[in-house]
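For reference, the structure discussed in these notes is given below.
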Amino acid sequence: MAAIELEGLTKDYGDVLANDDVSFTVERGEIFGYLGPNGAGKTTTIRMLLGFISPTAGGGRVLGQDITDERELIEAKRRIGYLPDDPQFDESATGREILELHAAIKGDERSDELLELFDPPLDRTVREYSHGNVRKLGLVTTFMHDPELVILDEPTGGLDPLMKQRFAEFVRSERDRGLTLFFSSHILGEVRRLCDRVGIIRSGKLVTVEPIDALLDRSGKVVRVVAAEPVPSSIFERNLEGVHDLEVGGADGTVVATAEGARADGDAPGSAYREYTFTFTGTVDDLLAVLEEYELIDLTIEEAPLESVFLRFYGSEKDA
Amino acid sequence: MLEIFQYESRNRVRGSVYLSIAMSLLAALVIWIYPSFSESFDDVDEQLLQAYPEEVIRLFDVQTMATLEGFLAFELYVFGWVILLGLYVAYLGGGVIADDVERGRMDILLSLPISRARTVAEKYASLAVPIVVVNVVTPIVVYVSAELVGEPISATDLVAVHALSIPYLFVCAGIGLVASVVVDRTGIAQRIALGITFGLFMLESLLEGTDYEAVGVISPTRYFDPNEILLESTYDLIGAAVLIGMTLVLVVASQLWFTRRDIS
Chain A
16 MAAIELEGLT
26 KDYGDVLAND
36 DVSFTVERGE
46 IFGYLGPNGA
56 GKTTTIRMLL
66 GFISPTAGGG
76 RVLGQDITDE
86 RELIEAKRRI
96 GYLPDDPQFD
106 ESATGREILE
116 LHAAIKGDER
126 SDELLELFDP
136 PLDRTVREYS
146 HGNVRKLGLV
156 TTFMHDPELV
166 ILDEPTGGLD
176 PLMKQRFAEF
186 VRSERDRGLT
196 LFFSSHILGE
206 VRRLCDRVGI
216 IRSGKLVTVE
226 PIDALLDRSG
236 KVVRVVAAEP
246 VPSSIFERNL
256 EGVHDLEVGG
266 ADGTVVATAE
276 GARADGDAPG
286 SAYREYTFTF
296 TGTVDDLLAV
306 LEEYELIDLT
316 IEEAPLESVF
326 LRFYGSEKDA
Chain B
17 MLEIFQYESR
27 NRVRGSVYLS
37 IAMSLLAALV
47 IWIYPSFSES
57 FDDVDEQLLQ
67 AYPEEVIRLF
77 DVQTMATLEG
87 FLAFELYVFG
97 WVILLGLYVA
107 YLGGGVIADD
117 VERGRMDILL
127 SLPISRARTV
137 AEKYASLAVP
147 IVVVNVVTPI
157 VVYVSAELVG
167 EPISATDLVA
177 VHALSIPYLF
187 VCAGIGLVAS
197 VVVDRTGIAQ
207 RIALGITFGL
217 FMLESLLEGT
227 DYEAVGVISP
237 TRYFDPNEIL
247 LESTYDLIGA
257 AVLIGMTLVL
267 VVASQLWFTR
277 RDIS
């Protein structure tokens with residue numbers, strides 16, 4: 016039984032189709048990132064999953080329970096932890112009172128341990144909390160009953176870098192204990208560090224679901240070459256497979272022209288520069304073979320930033 | 017079970033104490049001025065009630081001011097309980113659900129393994145705290161004050177008027193609850209609750225004795241009459257049962273509505 020199975024989930028508000036026939040499955044024990052820009056429909060899917068809003072068509076199951084049946088969903092919720100993108104608690108209550116309420120309703124297996132990791136000021140009222148502290152309190156309430164499935168909407172929004180780091184480590188160790196984690200994000204850096212698989216949603220439609228590695232492979236690498244002597248641009252344009260977005264730079268590292276721009280100026284195809292940057296989807300061996308005869312000062316090969324992967328997805332959609 | 021009820025009830029204790037103090041002060045004030053008020057007339061009803069416009073007499077259901085009971089029935093119970101307190105609990109009821117929805121707190125609450133119907137019922141039930149506390153504290157103050165000014169009143173009638181006001185106040189709170197599940201914005205829900213509660217009071221008061229008197233059956237004020245309790249020692253238990261029935265209808269309707277709606 017999968018942790019989450021969605022089948023044609025649709026929410027039609029009349030003027031907006033917030034979710035359009037969304038289907039995917041999140042397996043037990045994986046970390047699934049649900050990605051998309053703001054307003055793409057990520058939160059709508061999560062709200063349907065938890066029964067806050069009802070789908071206008073389609074449906075799904077969480078932990079085997081029908082999300083459109085309140086009684087079944089309540090059974091599932093005993094084993095689900097949820098943290099909204101902007102968690103709100105009773106402001107007049109102290110953190111401790113909030114935890115006591117949650118403990119009374121869903122049980123408390125491990126709040127002590129969680130409080131060592133995320134330490135909101137329990138004796139102060141929530142009114143006095145910073146955003147980060149509200150979020151820490153939220154993380155404790157989300158995990159305190161040792162849920163099987165945790166759903167987080169934009170989880171690291173209000174956390175400082177140290178807390179983000181601690182959160183990422185915590186999430187990975189939870190996954191190793193068998194937790195299933197489903198979270199939404201528009202911040203791609205988070206995804207790459209955390210996810211096993213990602214689903215990408217855009218304008219209410221699911222664009223793709225794939226392992227994060229495949230996504231990164233497809234997105235290629237960013238290559239920067241700095242040579243001692245000018246290298247003809249033709250070797251990247253003609254002799255090497257998988258070069259995209261070729262840019263040439265001067266000795267000081269500033270981009271002086273794109274390769275196409277240079278050609279448009281009537282520069283001979285044989286023009287040469289000392290520095291190049293490009294996205295590369297070919298094999299590294301081929302790249303090295305081509306560069307073998309030149310004296311290099313620097314060569315870096317890095318994973319492409321996920322932002323550009325994202326852009327490629329959205330770009331191609333736009334072109335279509 | 018009842019975790020939300022307990023939590024919400026605890027939150028309402030402080031406000032209920034303040035409310036009780038305020039209503040007790042009102043009660044003490046009314047009783048304190050009564051002797052000098054009644055002494056300044058040879059016949060209060062003859063001299064004063066004649067001076068009031070007929071509409072006011074009918075609106076507030078003024079029967080007599082010649083006794084402390086009659087004076088209290090009008091000044092404290094019709095005005096203070098039926099109108100002021102009725103409006104106040106309707107206002108509180110208007111915030112029960114809408115406030116959590118508007119402030120985004122409902123999401124975390126609904127992610128807990130409890131049904132929406134139970135959430136509505138338990139949050140509504142926490143309004144019992146102000147309703148009961150004010151009706152326990154104030155009669156003690158009324159009784160003692162009446163003794164102090166030398167105008168003792170019947171303890172039984174006093175207990176009855178407060179006990180029978182409880183179902184009335186629950187109906188007012190129930191009107192607020194319905195507004196609270198239907199509308200997302202607290203301010204609007206509360207205004208709707210106040211408007212409906214006051215409108216029903218006016219409906220019953222103004223239509224009484226007219227051809228349209230029957231329309232008043234939908235008004236909770238028809239089923240709670242402080243004058244009849246304090247002046248005649250008549251306790252309308254059927255009226256109380258009607259009020260309890262109205263409360264149940266309002267709560268169940270709120271539950272059904274809230275269970276079916278989207279929380280966005």
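As given, the protein sequences belong to chains A and B, one line each in that order. Heads up: the first sequence begins at 16 in the numbering used here, then just goes up one per residue. Heads up: the second sequence begins at 17 in the numbering used here, then just goes up one per residue. Don't be surprised by glycine CBs; every beta carbon is placed ideally from N, CA and C. Quantities reported herein were computed from a predicted structural model and do not represent experimental measurements.
| task | For Gly111 (chain B), name the three-state secondary structure that DSSP assigns. | result | helix
| task | Within 10 angstroms of the Cβ of Ser127 (chain B), are there 16 or more other Cβ atoms? Answer buried if so, exposed if not. | result | buried
| task | Determine the direct distance from the alpha carbon of Lys26 (chain A) to that of Phe39 (chain A), and round the result to whole angstroms. | result | 16 Å
| query | How long is the line joining the alpha carbons of Gly51 (chain A) and Thr58 (chain A), rounded to whole angstroms? | reply | 10 Å
| request: Go to Ser270 (chain B), then tell me how far its alpha helix (DSSP H) extends in each direction, as first and last residue. | output: 253–276
| said: So Asp105 (chain A) contacts chain B; which residues on that side make the cut at Cβ distance below 7 Å? | reply: Arg121
| query | Comparing the C-beta of Pro129 (chain B) with each C-beta of chain A, is any distance below 8 Å? | reply | yes
| query | Can a CB atom of chain B be found closer than 8 Å to the CB of Tyr144 (chain A)? | reply | no
| Going along chain B, which residues have a C-beta under 7 Å from Ser69 (chain A)? | Asp278
| Cross-strand partners of Tyr49 (chain A) (DSSP beta bridge) | A:Ser199, A:Gly214
| query | For the alpha helix (DSSP H) that Ala33 (chain A) lies in, which residues bound it at each end? | reply | Not the alpha helix (DSSP H): Ala33 (chain A) falls in the beta strand (DSSP E), residues 32–41.
| Residue burial classification, Val29 (chain B) (beta-carbon count within 10 angstroms, cutoff 16) | exposed
| field | Span of the beta strand (DSSP E), counted from its first residue to its last, around His259 (chain A) | value | 258–264
| request: Please name the residues in the segment 133–155 of chain B whose beta-carbon is closer than 7 Å to at least one beta-carbon of chain A, in chain order. | output: none
| query | Checking contacts by CB at 8 Å: is Asp243 (chain B) closer than that to chain A? | reply | It is Asn, not Asp, that sits at residue 243 (chain B) in the sequence shown. Chain A, which has no Cβ nearer than 8 Å to the Cβ of Asn243 (chain B), makes this no.
| Using a beta-carbon distance below 8 Å, is Lys151 (chain A) in contact with chain B? | no
| task | Select from the segment 19–45 of chain B all residues with a C-beta closer than 9 Å to any C-beta belonging to chain A, and list them in chain order. | result | Glu19, Ile20, Gln22, Tyr23, Arg26, Asn27
| message | Quick check: is the beta carbon of Leu272 (chain B) nearer than 8 Å to any beta carbon in chain A? | response | no
| message | Could you check whether the Cβ of Lys92 (chain A) sits closer than 8 Å to any Cβ belonging to chain B? | response | yes
| said: Is there a C-beta anywhere in chain A that falls below 8 Å from the one on Ile124 (chain B)? | reply: yes
| query | Does the count of Cβ pairs from the segment 31–48 of chain B and the segment 148–160 of chain B closer than 8 Å reach three? | reply | yes
| message | Cβ closer than 9 Å: which chain B residues qualify as neighbours of Asp301 (chain A)? | response | Under the 9 Å cutoff, chain B gives no residues; its nearest Cβ is about 52 Å from Asp301 (chain A).
| query | In its own chain, which residues sit with a C-beta less than 6 Å from the C-beta of Glu87 (chain A), not counting the 5 before and 5 after it? | reply | Gln80, Asp81
| query | According to DSSP, is Gly75 (chain A) helix, strand or coil? | reply | strand
| task | Using alpha carbons as the reference points, say which of B:Ile169, B:Phe95, B:Val177, B:Asp58 lies closest to Pro242 (chain B). | result | B:Val177
| The beta strand (DSSP E) enclosing Phe293 (chain A), as first and last residue numbers | 287–295
| message | Alpha carbons only, please: which of B:Thr154, B:Met262, B:Arg277, B:Gln271 is nearest the one belonging to Ala137 (chain B)? | response | B:Gln271
| Option nearest Val151 (chain B) by Cα separation, candidates B:Tyr140, B:Leu164, B:Tyr184 | Residue 151 (chain B) is actually Asn in this sequence, not Val. Comparing Cα positions, the closest option is B:Tyr184.
| query | By Cβ distance below 8 Å, which residues in the same chain neighbour Val268 (chain B) in space, the five residues on each side in sequence not counted? | reply | none
| field | Beta-carbon contacts of Glu85 (chain B) that lie in its chain and below 6 Å, excluding the five residues immediately before and after | value | Ile169, Leu246, Leu247
| query | Would DSSP call Asp349 (chain B) helix, strand or coil? | reply | With chain B represented from 17 up to 280, any question about residue 349 (chain B) goes unanswered, as that position is not in the structure.
| message | When you compare the CB positions of Thr275 (chain B) and Glu85 (chain A), do they come within less than 8 Å of one another, or not? | response | yes
| request: Using a cut-off of 8 Å between C-beta atoms, extract the partners of Lys121 (chain A) located in chain B. | output: Leu128, Pro129
| field | Buried versus exposed, by CB contacts within 10 Å (16 or more), Phe11 (chain A) | value | The question about residue 11 (chain A) has no answer, for chain A in this structure spans 16 to 335.
| Where does the unbroken alpha helix (DSSP H) through Ile245 (chain B) begin, and where does it stop? | 242–248
| said: Is the beta carbon of Gly204 (chain A) closer than 8 Å to that of Thr296 (chain A)? | reply: no
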